[in-house]
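Take a look at the structure set out below.
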Amino acid sequence: MRFPRALKLTAVFYGWKVVAAGATLQMLYASLLGQAYGSYVVLLKREFGWSRTVLSAAPSMQEAQSGLTSPILGWLLDRFGPQRIARVGVVVAGCGLMFFSQVQTPLMFYIAFLMISAGMSMSGFLAVSVAVVQWFERRRSTALSLASAGFAVGGMVVPLTVLVLETAGWRWTAFGSGVLVIAVGLPLTLFLRANPEEMGLLPDGIDTSSEEADRLRLARLSGASGDFTLAEALRERSFWFISLGHASALFVVSSMGVHLVAHLTQSQGYSLAQASTVVFSLTLLFLVGTLSGGLAGDRVNKRKLVVVCMGMHCAGLLLLSHAQGVGMVVGFTLLHGLAWGWRGPQMTALRAEYFGRTSFGKIMGASNVVIILGSVCGPLIAGFAYDITG
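For the sequence shown, the positions run 198 to 587 when our numbering is used.
As structure tokens, this is what we get:
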């Protein structure tokens, strides 16, 4: 009887396996399209001559679809668990990428992106966050940061994606990306289990025979856990403040994701390879910020940390918009990259801290409807401004 007990104590806590699987999924999506889309923009414009507004509309439609369906997705994740939903999402995303490789018209282009968006929504950030939040309470910021780090690592692989784009062409790259998503993503979804109690475990790896474990069980049985329902969360001002703050930050982040490479190549005179180096540096700093921000978020006031990050986003954007040389671009990269990394996991952790984990999927899904305003409007407004003013 003691031998299995020893194994249980020395084994890696399953929650960290959830984090690792989620991080790898995030890395896959970021490297193949999420942070590589700016390079696709240059090649698509070269082949089809489409305007920046047309090219900006696709990721904006992607964000809109993601946001509008988030309440339904949140309910599905709470009802059926992220493992099942993510499995379907990986297949849809992979098929969408393969269809993207065949586009000839803007309509086909938009249909492909809606497919990719649906798949990535079902198996991406929201699904991973719902799974991770269930497994951690005391170390929630750290766990969410590590899961988000996959997105940063994916950004660091973008130069490799650009190399493949330039050598094999964007069509073969998109098709191969779809195959890779399905082949690698499906096994990863098996780890996205979202109920520690069903496995005889507790959040943070708490010893199930300890007094703390007994207190947790009693709190849940008595309904004293403090977890909010969706209806209760919607009545709280904190829900709306967090959501609007997150939306304003993503206004900047999404604009940079779509237009940064094009801005550097067309307005600053950078080559595609040089612009990709800036993206690489940006995501390296995002990774540093994500990892250090997770540790900080479990130790300092998350709200104050987020306020500092918002100021850094603003300062970085001002530097980029008035850049007269390399120094100002470097300043933008430092400020925007670190703020992006520090802020992201805190926004998710704040929701779990305020509202609990029982209905986290529904609450996060509803919040995404507000957040999406920033993600959708950012690239569209930036692209429209460029087409009008140059």
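Ideal placement from N, C-alpha and C gives every residue a C-beta, glycine not left out.
Terminal residues of the alpha helix (DSSP H) in which residue i lies
i      : result
Trp213 : 211–226
Arg249 : 249–277
Gly522 : Segment: none, Gly522 is in no alpha helix (DSSP H) and carries neither H nor E.
Ile313 : 303–320
Val359 : 355–365
Leu488 : 469–494
Simplified DSSP state of residue i, which is helix, strand or coil
i      : result
Glu433 : coil
Thr545 : helix
Arg554 : coil
Ala421 : Only weak support exists for where Ala421 lies, its pLDDT of 48 falling under 50; the coordinates are left without a value.
Ser338 : helix
Arg243 : helix
Ser464 : coil
Ile403 : coil
Leu398 : coil
Ala563 : helix
Leu331 : The sequence given here has Gln at residue 331, not Leu. Residue state, collapsed to three classes: helix.
Gln232 : coil
Leu389 : coil
Ala459 : helix
Tyr237 : helix
Gly571 : helix
Thr426 : coil
Ser164 : A question about residue 164 goes unanswered here, because the residues of the chain that appear run from 198 up to 587.
Ala208 : coil
Val497 : coil
Asp584 : helix
Phe200 : Low confidence applies to Phe200: its pLDDT is 38, below 50, so where it sits in the model is not reliable, and the reading given next is rough at best. The answer is helix: DSSP assigns Phe200 an H, G or I state.
Neighbourhood of residue i by C-beta distance below 6 Å, restricted to the same chain and skipping five residues each side
i      : result
Leu482 : Gly534, Leu535
Asn565 : Gly264, Ser267
Gln331 : Ala391, Arg554
Val350 : Met224
Ala582 : none
Leu570 : Ala444
Pro279 : Ala324, Val327, Ala328, Leu389, Ala391
Ala421 : Low confidence applies to Ala421: its pLDDT is 48, below 50, so where it sits in the model is not reliable, and the reading given next is rough at best. Within the same chain, Ala421 has no close Cβ partners at all.
Val300 : Phe306, Ala309
Gly558 : Gly271, Leu274, Asp275, Val327
Val573 : Ser257, Glu260, Ala261
Leu383 : Val287
Gly293 : Ala309, Met312, Ile313, Gly316
Close Cβ partners of residue i (< 7 Å) along its chain, the five nearest in sequence each way excluded
i      : result
Ala220 : Leu343, Ala344, Ala346, Gly347
Lys214 : Phe388
Gly423 : Gly553
Val329 : Val215, Val216, Gly219, Ala340, Leu341, Ala344
Asp584 : Ser248, Arg249, Thr250
Cys506 : Ala536, Trp539, Arg540
Val450 : Trp537
Glu433 : none
Ala203 : Only weak support is given to the placement of Ala203: the predicted model assigns it a pLDDT of 41, under 50, and the value that follows is read from those uncertain coordinates. Nothing meets the Cβ criterion.
Glu334 : Pro400, Asp401
Lys242 : Leu252
Nonlocal neighbours in the same chain, by C-beta distance under 8 Å from residue i, ignoring five residues either side
i      : result
Leu469 : Ser236, Val239, Val359, Glu363, Val458, Thr462
Leu441 : Val567
Leu502 : Gly490, Ala493, Gly494, Trp539, Arg540, Gln543
Ile439 : Met544, Leu547, Arg548, Tyr551, Ser564
Phe477 : Gly352, Met353, Val355, Pro356
Ile560 : Gly271, Phe425, Leu427, Ala430, Phe436, Arg548, Phe552
Thr474 : Pro356
Val526 : Leu461, Gln465, Val475, Leu516, Leu517, Ala520
Exercise. Touching or not, the region 491–506 and the region 362–370, by the rule of three or more beta carbon pairs under 8 Å?
Worked result: no
Problem set entry | Sufficient close CB pairs (3 or more, under 8 Å) joining the region 229–238 to the region 349–359 | yes
Exercise. Counting Cβ pairs closer than 8 Å, one from the region 288–308 and one from the region 242–255, do we hit at least three?
Worked result: yes
Problem set entry | Validate contact between the region 285–292 and the region 308–321 using beta carbons, cut 8 Å, 3 pairs | yes
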